[in-house]
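The block underneath contains the structure these notes are about, expressed in structure tokens.
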Amino acid sequence: MRRDWYPPTLLADCCISCMPQTLDLLLALPFVMAAAVAAAHRLPRTAIAWVAALAPVLGLVLLGAMAPAILDGQVLHSRHVWLPRIGLEFTLRVDGFAWMFAMLVLAIGALVIMYARYYLSRNDSASRFLAFLLLFMGAMLGVVISGNLLLLSIFWELTSLTSFLLIGFWSHRQDAREGARMALVITGGGGLALLGGVLLIGRIAGSYDLDVVLSAGDTLRASPLYPWALYLVLGGIFTKSAQFPFHFWLPQAMAAPTPVSAYLHSATMVKAGVFLLARLHPALAGTDLFFYTVCTIGAATLLIGAWNAIFEQDLKGLLAYSTISHLGLITMLFGLSTPVAVVAGVFHILNHAIFKASLFMAAGIIDHETHTRDIRKLGGLRRLMPFTSALAIIASLSMAGIPLLNGFLSKEMFFAAAIETDAPLPMRIFTGTAALLAGVLGVAYSLRFVYETFFGKGPRDLDTTPHEPPRWMKIPVEVLVVLCVAVGIFPALTIAPVLHAGASAILGAATPEYSLAVWHGLNWPLAMSLAGVVGGIALYFGLARLLDLHAVVSRAIGRDIFKRNLELLFVAGNRITAALANGSLQRTLLWLVVSALVAMALPLLRDPGHALAWNGGWHTPMQWPGWVLWLLMLVPAVATLRLYRHRLLAVACIGGTGLAVSLSFVFLSAPDLALTQLMVEMVTLVLLLLAMNYLPEQSPHETTLPRRQRDGAIALVTGTVVGALAWAMMLRPHDTVAVEMLERSLPQAWGHNVVNVILVDFRGFDTFGEITVFAIAGLVVHALLRRARMAPERHFDGRPVDLSMPANLMQVLAPMVVAVSIYLYLRGHNAPGGGFIAGLVLAVPLLIQYVLQGARSVESRFGFDFIRTIGIGVVLALVSGVASMAFGVPFLTSGHLNLHLPLIGELELASAMAFDTGVYLVVFGAAMLMLSMMGTIKASRTRKTQRGVVDPLRRSDFTGEEHT
Amino acid sequence: MNHLPILPVLIPMAGAAASLIVEHNRFGFTVRRTVAWLAMAALVVVVAMLVIGASSGHVDAYLLGDWPARLGITLVADRLSVWMVAVTTLLACACLLHACAGWDARAPHFHALFQFQLMGLNGAFLTGDIFNLFVFFEVMLIASYGLLLSGGRGLGMRNGFHYVVFNVTASSLFLIALGLIYGLLGTLNMAELAVRIAQVPPANLALVKAAIGLLLVVFCAKAALLPLYLWLPETYARAPAAVSALFAVMTKVGLYAVLRVSTVLLGAGAGAMAGYGQSWLLVLGAATLIVAALGVLGSARLRVMIGYLVVWSAATLFVAFSLGGAGTMAAGLYYLAHSCFTAAALFLIADLIRRRRGAAGDDKSIPAPLPGRTVPGVLFLIAAVAVAGLPPLSGFLGKVALLASTPVAHTGLVWSTVLLSSLMVIIGVSRAGVRLFWRVPAQIHEAGPVNPAPARPAETAAAIVLLTCVVGMSVFAEPLLTYADATAQQLLDTAGYVDHIRGLVPAMREP
Amino acid sequence: MSAFFDLALIVLLVAGSVFILVGALGLVKLSDVFRRLHAPTKSSTLGVGCVLLASMGYHLLRGEGLQLRELLITVFLFITAPISAHLIAKAALALLPRQRPEPPAKRD
Amino acid sequence: MRRWLPSWSLSLALLVFWLLLNNSVSPGNIVLGAALAIGIPLLSRRMDHEHCPTGSLRGVPKLAALFAWDIVKSNLTVAAQVLGRESKIEPGFVWIPLDITNLRGITVLASMITLTPGTLSAVLTDDRRHLLVHALHIDDAAALVREIKTRYETPLMEVFP
Amino acid sequence: MNTAVLLDLTVIGALWVTGLALLLCLWRLVRGPTVTDRILALDTLSVTAIAGLMLLGMHLDSTVYFEAALVIAMLGFGSTVVLSKFVLRRDIVE
Amino acid sequence: MELALAVAIGVLTAVAVYLMLRARSFDVILGLTFLSYATNLLIFAGGRPVAGKAPIIVDGVPTDLAHYTDPLPQALVLTAIVISFAMTAVSIVLAMRSRADNGGDHVDAHDTAPEPEARTDPRGSGK
Ligand code: NA
Ligand code: NA
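Residue numbers (my numbering), protein chains in the order written: chain A, 1 to 964; chain B, 1 to 511; chain C, 1 to 108; chain D, 1 to 161; chain E, 1 to 94; chain F, 1 to 127.
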């Protein structure tokens with residue numbers, strides 16, 4: 001930063017000495033005040049407005065303090081780190097252009113706040129409105145003074161978001177909601193495009209810092225990614241600035257309260273697009289691609305907007321289309337890219353903001369007073385509200401580009417730029433024609449606005465008599481109109497320094513000599529202006545004579561297409577989602593199986609030679625009992641496929657397979673597994689049978705043959721692939737860590753049964769998780785059934801069968817089973833057994849007693865709090881593991897103690913036993929909890945059974961169920 | 001002896017056991033809640049200490065049972081694990097707060113199941129053993145069944161059945177993969193596996209690929225990747241609010257596992273197996289982005305929509321992780337935390353909305369009055385901004401970080417799908433907001449009788465806590481991304497991990 | 001002595017396997033449920049008993065020591081077999097109500 | 001005493017059972033077995049839903065021998081019946097009127113009937129006065145009833161009064 | 001012939017016979033025709049399996065099969081009980 | 001033997017997959033049971049099982065894989081069995097509740113009309 005300049009005032013001095021903080025404060029003001037306004041929602045409306053106005057007013061003061069430095073051509077910075085890793089810095093950067101724009105944003109913002117104070121009705125929450133408005137102001141200010149492109153795109157999206165809230169402020173109105181959403185979708189989508197573009201720029205330029213990017217124009221333009229970057233950025237710009245073909249959201253956004261339109265759609269939101277176009281002009285412009293694209297789009301927008309404005313019946317709609325047209329004009333100017341065009345563009349940004357804001361406010365006053373915005377109902381207002389009419393007429397004339405008003409100046413510069421481009425001749429003709437047409441159309445719609453609102457007959461069908469609005473409501477309009485005139489007459493005195501600061505910030509050394517005089521002598525632009533005025537008047541009256549302008553129903557084709565497409569998107573989303581995720585478990589599982597199949601089969605298919613190669617023979621010979629077990633396992637499995645619809649039979653068959661699997665484990669040297677499998681088999685059978693009482697007896701035939709064939713094929717292929725994998729795996733040499741476990745089991749873990757040692761020691765943590773799972777399963781079953789009331793599927797009449805004989809035998813058996821359970825538990829470390837098996841062995845006889853004696857009889861005499869048993873078991877397992885921590889070794893490290901007791905002899909105590917006790921309790925508790933819950937389901941209050949009483953004579957001895 | 005790594009597993013387990021023991025009419029709810037919060041507080045302290053430890057870059061490993069890593073089970077508290085545990089813990093605090101407003105009294109065993117769920121999650125994140133990972137997956141899943149179903153009824157039961165069966169099937173596939181892996185490689189410790197995978201003879205390569213592929217399928221099923229996401233939206237939508245909020249981290253477990261496997265087992269040093277399946281994950285992730293965004297657009301119910309948002313964020317993470325670079329991985333890790341908090345917050349907010357709308361519930365297509373809409377409105381707005389990836393919140397930052405670090409070769413696919421789906425999500429979420437908050441009938445009685453449930457301050461507070469996390473993530477994005485970046489670097493240093501774990505020396509046993 | 005012992009075991013084994021086979025054959029061959037019920041519930045029980053005795057002797061002979069505990073298996077079988085048979089018979093009667101005999105004359 | 005040791009016979013049986021199970025008579029096992037012999041009945045007593053007194057055990061050895069012989073003998077008969085032509089057998093049901101009232105006695109009787117091949121106890125009436133027996137081959141129903149009552153029921157009534 | 005060898009051969013023969021018995025039970029299990037037949041077949045399967053286990057133990061000179069046999073003998077009838085009870089009343093715990 | 005074991009695993013898997021794709025909750029549960037058999041056998045197969053070499057250390061026998069089978073897969077299968085049992089229990093109960101609450105046991109409710117979520121007797125059963 002240069003230090004050799006002279007500080008003119010004290011405030012400026014102060015500001016300069018702490019310039020970064022000033023920038024931060026400038027940006028923070030609106031946000032802070034937004035929060036203040038939101039918090040102060042109980043204050044009176046005027047107070048709220050004052051609080052709100054503080055933000056722009058103080059901001060303007062700060063900007064004023066910066067003025068000397070800015071006008072001196074300096075660039076002010078404030079830098080904070082935010083996310084340097086990705087190049088996102090909280091850098092604020094104010095140069096002439098940003099300063100000019102910030103002035104615009106804050107000045108019009110202040111006026112709008114004042115205006116809004118009187119505009120909003122009693123029902124509207126001023127605090128909410130102004131908070132939104134200030135948030136928007138902050139976002140817009142952020143766009144303007146961001147010194148980092150990523151930061152800029154953040155504020156960019158924030159303007160979309162806050163404008164969404166503002167446009168939808170009257171959320172009870174459907175058009176407001178639609179308009180808000182449309183604006184959000186278009187501008188938000190554009191923001192995403194901009195983000196992409198910014199990221200590309202960053203990738204090319206190596207930084208998102210604006211200074212770097214602006215000076216990297218040549219690199220950018222030379223990059224092969226340039227077209228992508230350009231189009232993505234333009235995507236953001238064109239959507240924001242309502243350029244064709246994205247222009248339609250702007251008229252739709254007129255459902256917003258008028259202060260919003262006055263602010264967003266004249267000076268800020270829509271100007272953000274052209275702001276960025278100007279901002280990145282040094283970096284992106286200067287190629288044919290840029291020139292043709294931007295000029296064409298700008299011209300198209302200019303004409304389409306202007307043409308539509310003529311036929312619009314809504315006062316604000318007309319202004320909106322006019323805005324579109326003027327934005328097109330500005331875009332086209334930046335597209336032309338000549339220094340003069342750029343100056344004109346910057347100038348017109350200012351001028352348009354001033355006259356358009358005042359026009360919107362005037363339209364708002366009219367709406368406020370007449371309760372309509374329909375041009376067809378209005379007319380002759382000059383008599384009823386002469387002062388407002390005068391203001392509006394002046395502003396309109398400025399919009400039409402009538403001399404002595406600011407609009408004239410920039411329009412004339414536009415004409416000059418349009419014809420003085422150094423493009424090929426056809427393009428020059430095109431731009432010139434477009435400019436001329438724009439002049440004609442601009443005059444025509446301005447005339448229509450003025451003539452049909454303030455002159456002629458009317459107003460018609462109004463429910464009130466309009467009169468002048470409150471004094472304070474007019475002040476903002478007055479200020480702006482005065483500005484229009486002042487700039488129009490004394491441009492050099494009023495606007496020149498600002499314009500120069502803005503334009504030279506963009507153009508730098510290329511800033512041309514230009515004069516802001518009203519009179520430049522007789523030249524082509526003046527001729528075009530004249531032709532425009534004459535042509536415009538002729539066009540308006542010609543049209544008015546040729547067709548009934550009031551009867552024209554303007555149709556926004558773009559909007560309709562958009563709405564239809566959006567609706568289509570929702571429908572498509574709905575349809576596609578419903579078609580994919582139809583809530584079918586069958587489909588979900590099918591996809592899962594198919595995915596797994598693909599994952600397993602693809603590598604095999606790609607390399608079948610290696611994958612299925614065997615290592616020294618097909619297999620090791622099988623001892624013959626294996627084949628019996630093999631049949632025993634598979635025949636019931638296949639039989640289940642045939643019988644599965646008859647559930648009882650299927651369950652019996654599965655019992656066969658289960659037994660065979662257990663026996664196979666025994667056969668293949670895994671006695672512990674066999675024991676576990678046997679017990680689990682037993683308990684599962686009981687659970688299945690308990691559940692079957694509450695489930696239909698059989699599955700109906702329902703799936704079609706093709707479906708079954710498809711499933712069958714998938715099943716077959718899956719089975720083949722899994723089998724092939726298993727087979728191929730078994731033929732490979734085996735190099736496992738288990739050898740070391742075998743070696744270390746006895747000397748270091750003091751257990752002969754290596755499987756049990758693994759369970760309680762090497763991998764005790766797995767067991768830890770496993771019992772937790774088991775415990776939770778018990779809890780889940782309990783939670784699901786505790787309060788559930790269910791009716792059995794069918795019911796047998798009569799008393800329960802008397803099973804006192806088996807029960808009596810069971811009494812003989814039970815003590816022995818308990819003893820066996822303890823035996824298995826104690827021996828587990830050295831022989832097949834262990835806490836888990838022992839726990840189930842203890843549970844099963846109890847369960848059989850439930851079956852034989854009935855639940856009530858057992859529970860009345862054998863009250864056990866299974867839940868706490870589980871809890872205590874978990875604690876025990878935990879404590880046994882934690883105990884080792886006291887000795888400075890990790891959790892679950894086993895300890896070992898060889899006690900020599902008198903009389904009893906050697907007693908081996910391993911800490912693993914304590915852990916196993918926890919396992920024992922958890923397993924017993926959870927298993928019993930499940931079984932007792934399922935055995936003691938409460939009867940439904942509403943019905944005794946689902947399908948009636950079993951008629952013994954109609955039962956099938958094949959399925960055991962009643963014939964249906 | 002530093003016992004820190006085991007404590008995130010043991011504390012919730014002790015909490016659960018204590019909850020079970022005090023689950024008796026003799027003790028009131030105050031006792032149960034006190035127990036739950038004590039456990040939670042202890043966990044927070046431990047996790048804070050773990051974070052401090054991991055931030056130094058030190059990998060804290062814990063040899064359970066004092067066996068060398070190859071024989072026993074090892075816990076590994078590296079940056080990634082600690083990151084995941086920390087996210088889970090923060091999330092859990094908010095969920096517990098929400099549940100303590102009253103749901104815990106309606107769902108039997110809530111506190112025990114909740115603590116068990118935390119135990120499963122933390123275990124899954126901390127373990128360095130692939131079978132132990134399976135076990136903790138199961139702990140986490142079965143606890144989630146309990147949380148999902150306890151106190152539920154009606155269609156929720158059928159949905160729960162879907163969820164359970166799907167997960168049980170996936171778990172079986174997990175076991176098949178583990179069986180193959182052990183059968184082919186002879187070990188279960190991840191570091192050992194990494195060494196052995198790098199040396200797989202060509203003859204076994206196809207088999208190992210099949211096993212690893214199956215493993216990835218299973219993880220993708222848990223993380224809801226196309227076409228395995230079908231179960232998620234409905235399930236999450238039907239879960240109680242506190243539970244679905246906690247479930248926000250459940251898909252992330254699958255993603256975590258994908259990340260772990262693809263860095264440790266399929267890292268650059270894995271020879272022929274290096275990067276196996278990553279291109280599939282990328283393409284499927286990109287496709288999921290679009291499909292999930294369509295789901296967001298097409299869902300009629302708010303909570304289903306949030307479910308699709310979960311799928312969407314998971315898809316973003318798949319893309320981030322499968323790109324394989326440190327930058328994208330770091331962006332992904334940051335985004336992962338963000339998406340946990342955001343999705344959870346949205347579920348809690350959806351509950352606030354649903355309860356205020358009476359019979360209309362969370363069905364967006366029914367216009368219904370929304371009394372007291374300001375607070376949920378503001379919360380929804382913030383959460384929606386975050387979830388849709390709009391600035392300035394963490395969703396935007398994470399996404400920008402991801403896009404910025406996307407390698408050139410994949411830029412087209414990743415950028416177009418991410419940005420396009422973002423737009424779709426913006427459209428969908430804004431429509432939801434408009435329909436719920438703005439399209440309210442003029443007359444109160446238009447939508448039938450309304451009896452909004454009383455608003456409980458704790459429930460709102462829980463949502464605010466989560467959104468505070470989101471905002472905090474945005475403000476402190478730099479330090480968080482720095483951590484994430486260091487995490488990614490650590491993850492990509494497979495050799496360092498492997499050597500560290502294999503070189504661990506037991507306290508007293510011979511190595 | 002050992003040879004005698006071996007022979008005794010062989011006899012036991014042969015008897016055991018014959019009874020087991022008879023039980024299974026009866027299960028397959030006989031024509032209605034109640035008839036089938038007779039064969040396995042006890043032939044098999046006795047057969048298994050014989051095998052268990054043989055097993056005890058065998059392990060004694062082959063150095064595993066006297067495995068008296070195998071007696072317990074027989075004990076369990078003898079307690080549980082009647083329970084099974086009784087319940088299966090009851091179930092069969094319940095399924096075939098027409099085969100159920102007339103109730104007995106009341107005694108006082 | 002009764003409170004801590006409800007049934008001497010059961011406890012003794014359990015001790016023996018434990019020693020058999022462990023296949024050892026080491027002091028440690030005796031101590032542990034004794035503990036279990038005291039502990040388990042305390043637990044299992046709670047499950048008994050009907051108390052069945054035990055009388056004189058003098059007749060037991062003779063009954064056991066008789067029973068063992070019957071098992072072997074009738075097993076051979078049944079083997080013949082199974083392997084022979086099925087048309088030669090005439091199965092049927094027989095109601096056996098009971099005089100024994102002790103439930104454990106009835107249970108043991110029914111079990112013995114079941115365990116001896118050729119007969120199978122199927123139903124006990126609710127009043128416990130009749131036992132339905134299915135026989136694989138019935139020559140003379142009355143003789144069957146008589147044989148069962150004299151051979152088994154009478155001695156059992158002494159054991160289970 | 002050495003009686004010891006003969007004994008070993010007998011053990012193998014007995015295994016064959018047991019296997020055959022198992023297959024016969026399997027046939028009944030699959031064939032039915034009534035539910036009770038299947039229950040009976042299942043019961044017989046488990047009883048026969050005990051013999052098979054003991055014979056295997058003799059064949060392999062090992063006693064590790066004792067526990068499995070014991071558990072089947074002790075609790076194998078449980079399946080029979082619950083299946084029969086289901087046929088009797090549908091509600092197995094009344 | 002490997003081939004036999006592999007075929008068994010394959011057949012059990014095929015049966016499981018077919019049943020899992022059926023429409024009734026009970027059939028699906030049966031399928032899961034079969035899948036768990038197949039899975040357990042496959043893990044078990046990873047230890048290259050052989051007959052008669054149970055991993056219970058006998059004094060004096062060298063502790064290597066020539067004399068004992070691999071114990072680790074057995075431990076894994078044990079864990080797997082227990083966990084799958086727990087899962088089965090939960091799914092069974094859920095199937096019951098779903099049938100009671102929703103009036104049918106079709107997994108996707110194609111055969112029952114969509115029912116209102118709020119019911120007069122929330123804990124009651126049937127329609
Ligand atoms: Na008019
Ligand atoms: Na019951």
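C-beta atoms are modelled at their ideal positions from N, C-alpha and C, and glycine is treated no differently.
Predicted, not measured: the structure shown is a model, and the values here were computed from it.
CB contact check: residue i to chain A, cutoff 8 angstroms
i	result
B/Pro449	Residue placement at B/Pro449 is flagged as unreliable, the pLDDT there being 48, under the threshold of 50; the coordinate-derived value follows with that caveat. Cβ-Cβ to chain A under 8 angstroms: no for B/Pro449.
B/Ile431	At residue 431 of chain B the sequence reads Arg, which differs from the Ile that was named. Yes, contact with chain A.
C/His86	yes
Boundaries of the beta strand (DSSP E) in which residue i is found, first to last residue
i	result
B/Tyr62	Asp60 to Leu63
A/His247	Per DSSP, A/His247 belongs to no beta strand (DSSP E) and is neither H nor E.
A/Trp82	Leu76 to Leu83
Opening and closing residue of the alpha helix (DSSP H) in which residue i lies
i	result
B/Arg502	Thr494 to Arg502
B/Ala48	Phe29 to Ser55
Neighbour flag for residue i against chain C, beta carbons, 8 angstroms
i	result
A/Leu798	It should be pointed out that residue 798 of chain A corresponds to Gly in this sequence rather than to Leu. Chain C, which has no Cβ nearer than 8 angstroms to the Cβ of A/Gly798, makes this no.
Within chain C, the residues that residue i reaches when beta carbons sit closer than 9 angstroms
i	result
D/Gly118	His38 and Lys42
Any chain E beta carbon closer than 8 angstroms to residue i
i	result
C/Leu17	With the sequence shown as reference, residue 17 of chain C is identified as Ser, and Leu is not the correct amino acid for it. Chain E contact via Cβ: present.
Closer than 8 angstroms to chain D by CB, residue i
i	result
A/Asp802	yes
>> Give the list of continuous alpha helix (DSSP H) stretches no shorter than 4 residues that lie fully inside the segment 282-354 of chain A.
In response: With a minimum length of 4 residues, the continuous alpha helix (DSSP H) runs that stay inside the segment 282-354 of chain A are 288-310 and 315-336.
> Taking contact to mean at least 3 C-beta pairs separated by less than 8 angstroms, is the segment 331-348 of chain A in contact with the segment 402-421 of chain A?
Replying inline: Touching, yes, given that three or more Cβ pairs across the two stretches are closer than 8 angstroms.
>> Restricting to runs no shorter than 4 residues, where is the alpha helix (DSSP H) found entirely within the segment 153-219 of chain A?
In response: Taken in chain order, the unbroken stretches of alpha helix (DSSP H) that lie wholly in the segment 153-219 of chain A and span 4 residues or more are 174-205 and 210-214.
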